[in-house]
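*Asks:* Please find one structure pasted underneath; my questions will follow.
In the working numbering, the protein residues as written are 217 to 372.
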């Protein structure tokens with residue numbers, strides 16, 4: 217196996233592991249929240265976190281929908297961060313406990329940014345190759361059309 221491929225695979229696995237660890241930490245911290253806030257805010261945070269893991273898994277498995285899944289992942293990730301920040305500002309989640317989550321959030325943010333950049337570069341290279349191939353196909357077709365010289369009909 218290629219070293220670069222192994223490094224990318226481990227990096228992506230790191231994002232998944234960090235998402236799972238974040239989920240576990242959030243789940244444990246929910247019990248320190250008042251019950252009504254746990255039900256209203258906490259459930260949404262858990263829902264977004266689970267959705268992030270699902271989007272990551274699908275994007276990791278299927279190349280054709282990777283960019284769309286990364287975008288969905290980032291959308292849910294931003295919503296989850298906003299809810300966590302709001303919970304911290306409302307003192308529903310103590311700032312000291314929010315700091316515990318921040319390390320995971322930061323690592324996930326970095327990893328996904330790298331993953332998106334690599335996926336975008338791959339996608340643009342593929343589209344350039346397809347454009348070049350299509351142009352070459354058109355040129356070959358034009359050459360073939362120009363070189364086709366039907367036998368003239370003989371009139372009696």
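Yeah, the Cβ is synthetic: ideal placement off N, Cα and C, and Gly gets one too.
#1: Along the chain, where does the alpha helix (DSSP H) containing residue 274 start, and where does it finish?
#2: Would you say the region 275-293 touches the region 245-256, given that touching needs at least three Cβ pairs under 8 angstroms?
#3: Could you give the C-beta distance for residue 235 and residue 321, rounded to a whole number, given that I count them as a contact under 8 angstroms?
#4: Give the secondary structure of residue 245 by DSSP, where H, G and I count as helix, E and B as strand, and everything else as coil.
#5: Got a sec: does the ligand HEM put a non-hydrogen atom nearer than 6 angstroms to the Cβ of residue 261?
#6: If you scan the region 279-338 from start to end, which runs of the alpha helix (DSSP H) of 4 or more residues do you find wholly inside it?
#7: How would you call residue 301, buried or exposed, if buried means at least 16 neighbouring beta carbons within 10 angstroms?
#8: With 16 as the cutoff for other CB atoms within 10 Å, does residue 303 come out buried or exposed?
#9: For residue 243 and residue 262, what's the separation of their Cα atoms in angstroms?
#10: Under 7 angstroms between the Cβ atoms of residue 260 and residue 299?
#11: Looking at C-alpha atoms only, which residue of 257, 285, 318 is the closest neighbour of residue 267?
#12: Go through its chain and collect everything with a Cβ distance to residue 270's Cβ below 6 angstroms, but skip five positions before and after it.
*Replies:* Taking the geometry as given:
#1: Position 58 of the chain shown, counted from the start, is the residue given in the question as residue 274. 259-277 is the span of the alpha helix (DSSP H), which, as asked, contains residue 274.
#2: Cβ pair count under 8 angstroms is below three, so no.
#3: What you label residue 235 is simply residue 19 of the chain shown in a count that begins at 1. What you label residue 321 is simply residue 105 of the chain shown in a count that begins at 1. Incorrect: roughly 10 angstroms between the Cβ atoms, too far for contact.
#4: Sequence index remark: in the chain shown, residue 245 carries index 29 (1-based). Three-state result, residue 245: helix.
#5: With respect to the ligand HEM, the structure shown offers nothing to examine, as it has no ligands at all.
#6: Entirely contained in the region 279-338, the alpha helix (DSSP H) runs reaching 4 residues are, in chain order, 282-305.
#7: In the chain shown, residue 301 corresponds to position 85, counting from 1. By the 10 Å Cβ count, residue 301 comes out exposed.
#8: Indexing the chain shown from 1 puts residue 303 at position 87. It counts as buried.
#9: What you label residue 243 is simply residue 27 of the chain shown in a count that begins at 1. What you label residue 262 is simply residue 46 of the chain shown in a count that begins at 1. Our two residues, residue 243 and residue 262, have alpha carbons roughly 7 angstroms apart in a direct line.
#10: To locate residue 260, count along the chain shown from 1; it is residue 44. To locate residue 299, count along the chain shown from 1; it is residue 83. Remark: C-beta atoms of residue 260 and residue 299 approach each other more closely than 7 angstroms.
#11: In the chain shown, counting from the first residue as 1, residue 267 sits at position 51. The shortest C-alpha separation from residue 267 is found at 285.
#12: Taking the first residue of the chain shown as 1, we reach residue 270 at position 54. Nothing listed; no residue qualifies.
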